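A.B. asks:
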Amino acid sequence: MYSFDYERPSGVNEAVSAIGEDDKFLAGGQTLLPTLKLRLAQAGKLVDLGGIAELKGISVSGSEVSIGAMTRHVDVANSADVKSAIPALSYLASHIGDAQVRNRGTIGGSISNNDPAADYPAALVGLGATVHTNKRSLSAEDFFVDLFETALEEDELVTKVTFPIPEKAGYAKFPNPASRYALTGVFVAKTAQGVRVAVTGAGPCVFRQTDMEAALSSNFSADALSGIKTEASGLSADIHASADYRANLISVMAARAVKAAS
Amino acid sequence: MTTVNMTVNGKKVSADVAPNTLLVQFIRENLRLTGTHVGCDTSQCGACTVHVDGDSVKSCTMLAVQADGAEVTTIEGLAKNGELHPMQAAFKENHGLQCGFCTPGMIMSAVDLVKRNPNPSEETIRTELEGNICRCTGYHNIVKSVKAAAENMGG
Ligand SMILES: Cc1cc2nc3c(=O)[nH]c(=O)nc-3n(C[C@H](O)[C@H](O)[C@H](O)COP(=O)(O)OP(=O)(O)OC[C@H]3O[C@@H](n4cnc5c(N)ncnc54)[C@H](O)[C@@H]3O)c2cc1C
Ligand code: FES
Ligand code: FES
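As structure tokens, then:
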């Protein structure tokens, strides 16, 4: 690792004013530290968000679940509140990486990184969540821009994510057997505003499968999906899977997600 | 340099470290506790697993400064009064290791696993140990060891 300075502020405002052009926020470090270790990135200073109490925690009001940016995957996975309000979200968090990664990694870090194979983007887009920052609130679809790219500005900090509670929702992923990242993952939700189907891992950035949404709107069952294909062009192809394979996985995972929905 | 204070295996330690010092470097090089191993560069193998405030973490993917104020337990901290921890004893008894390189991390993960799942099924053990890679045993005797230890630990 190249050398860097380190700061651990105790509030959001201090954190934002501490961040300069070459600096980075440090959350759970489960993506940032491996990247720094391999010298794929460099930072003048790391601003550690670990000491900011207001960024941690989960609360449920009548119609939404709110999760602070520094809430770890293990806490979302084990939260009784999340399990009863949106069981699919707790299931998703419990299948991120491995136990040690879940003990450090956070929702804010995961979505700010926007890895094309990350799990949380599917839940945010699938549930129509809102991302709150120190500056504004934006819809998940506006937040995730492209491969490893979000709408965040350099001195902008994710503070929390709010998820409207759906009627039912399900998540299914085909994990890369080595890393557990989603080779393809599909999040399906039946909400007051209609059915949403979000796909991660298959393309450069999370996206909605609108043909499936239309089919599930009239009949929310796995049968309604039979015969609906996703165009392979534009999907990712690498040593792990071809674009055609991923296109097929979208159909398989979507059907499993609908069956699992509760 | 930044000053860090933490409690490692019950003992208070304090040192000035460069911010880019990994927790595992601090443990191995400053404290000379070399039971915690480094098996990869990519945060995948789990050989470096220790407990920070009771949770298993990969000490190669955490900065020493992030552990400021924390309680850290390494493999050296498990045995009490010269007696092996039930998990260590079970690995010995059930041939849960061959070369032993992965073993410290495997045991630290397994202790955390049994804390969270007092009576784990074979499937739970296998999925919960996903963050630990072993190149020798084929995992079979590791799973057997964890199961035996969980029973001895009163699960
Ligand atoms: C072995 C392994 C397996 C993994 N498997 C999976 C998997 O199966 N699925 C999956 O989804 N992920 C997986 N991950 C990634 C893991 O979920 C990370 O925890 C996550 O991607 C990053 O979160 P973090 O809290 O560790 O963030 P960090 O690594 O600390 O930060 C990531 C990036 O986000 C920025 N950032 C962090 N917090 C904020 C904030 N609040 N506001 C603005 N910017 C911020 C940082 O500056 C940095 O650029 C895996 C990681 C490892 C090491
Ligand atoms: S040394 Fe491999 S995960 Fe830490
Ligand atoms: S015993 Fe050799 S790596 Fe596990």
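Quick mapping for you: the protein sequence lines, in order, are chains A and B.
Mapped onto the UniProt record's numbering, the consecutive letters of the first sequence carry residue numbers 1 to 262.
Mapped onto the UniProt record's numbering, the consecutive letters of the second sequence carry residue numbers 1 to 155.
In this text, a Cβ means the ideal position worked out from N, Cα and C, and glycines have one as well.
Fair warning: this is a prediction, and the values are worked out from it, not measured in the lab.
1) Which residue spans inside the stretch 139-182 of chain A form an unbroken beta strand (DSSP E) run of at least 3?
2) Can you look up B/A15 in the DSSP assignment and give me helix, strand or coil?
3) What in chain A is Cβ-close to B/Q66, meaning under 8 angstroms?
4) Sort out for me which residues DSSP pairs B/L63 with in a bridge.
5) Mind checking the stretch 92-110 of chain A against chain B and listing, in chain order, the residues whose C-beta falls within less than 8 angstroms of any C-beta there?
6) Looking at A/V65: is its Cβ nearer than 9 angstroms to the Cβ of A/A85?
7) Just by C-beta distance, which residues in the stretch 174-197 of chain A are closer than 9 angstroms to chain B?
8) Could you check what DSSP says for A/G194 in three-state terms: helix, strand or coil?
9) Report the three-state DSSP secondary structure of B/M1 (helix, strand or coil).
10) By how many angstroms is the C-alpha of B/V38 removed from the C-alpha of A/A261?
11) If contact is defined by three or more beta carbon pairs under 8 angstroms, each pair taking one atom from either stretch, is the stretch 111-120 of chain B in contact with the stretch 143-150 of chain B?
12) If you drop the 5 nearest sequence neighbours on each side, which residues of the same chain put their C-beta closer than 6 angstroms to that of A/G109?
13) Nearest-angstrom Cα distance between B/C48 and A/F144?
14) Kindly list, in the order they appear in chain B, the residues whose Cβ is closer than 7 angstroms to that of A/M70.
15) Under 7 angstroms, CB to CB, which of the residues in the stretch 13-24 of chain B have a partner in chain A?
16) I want to verify the contact list: residues of chain B whose CB lies under 7 angstroms from the CB of A/S3, in sequence order.
17) Which partner residues of B/E83 appear in the DSSP bridge assignment?
18) Excluding the 5 residues flanking A/G234 on each side, which residues of the same chain have their C-beta closer than 7 angstroms to its C-beta?
19) B/S109 and B/G46 - do their beta-carbons sit closer together than 9 angstroms?
20) For B/M62, which residues of its own chain have a beta-carbon under 6 angstroms away from its beta-carbon, when the five flanking residues on both sides are left out?
C.D. replies: In brief:
1) Secondary structure in the stretch 139-182 of chain A: the beta strand (DSSP E) runs of 3 residues or longer, each lying completely within the stretch, are 144-146, 158-164, 168-175 in chain order.
2) strand
3) Neighbours of B/Q66 across chain A, judged by C-beta separation under 8 angstroms: L26, G29, D48, G50.
4) B/L22
5) So the list reads G97, D98, A99, Q100, V101, N103, R104, given in the order they occur along the chain.
6) yes
7) Answer set for the stretch 174-197 of chain A: A178, S179, R180.
8) Taken through DSSP and simplified to helix, strand or coil, A/G194 comes out as strand.
9) coil
10) 41 angstroms
11) yes
12) The answer, listed in chain order, is A27, G28.
13) 33 angstroms
14) Those within 7 angstroms of A/M70 in chain B number zero; the least Cβ separation is about 12 angstroms.
15) For the stretch 13-24 of chain B, which is checked against every Cβ of chain A, the residues closer than 7 angstroms are A18, P19, N20.
16) A18, N20, listed in chain order.
17) DSSP lists B/K80 as the bridge partner or partners of B/E83.
18) G203
19) yes
20) L23
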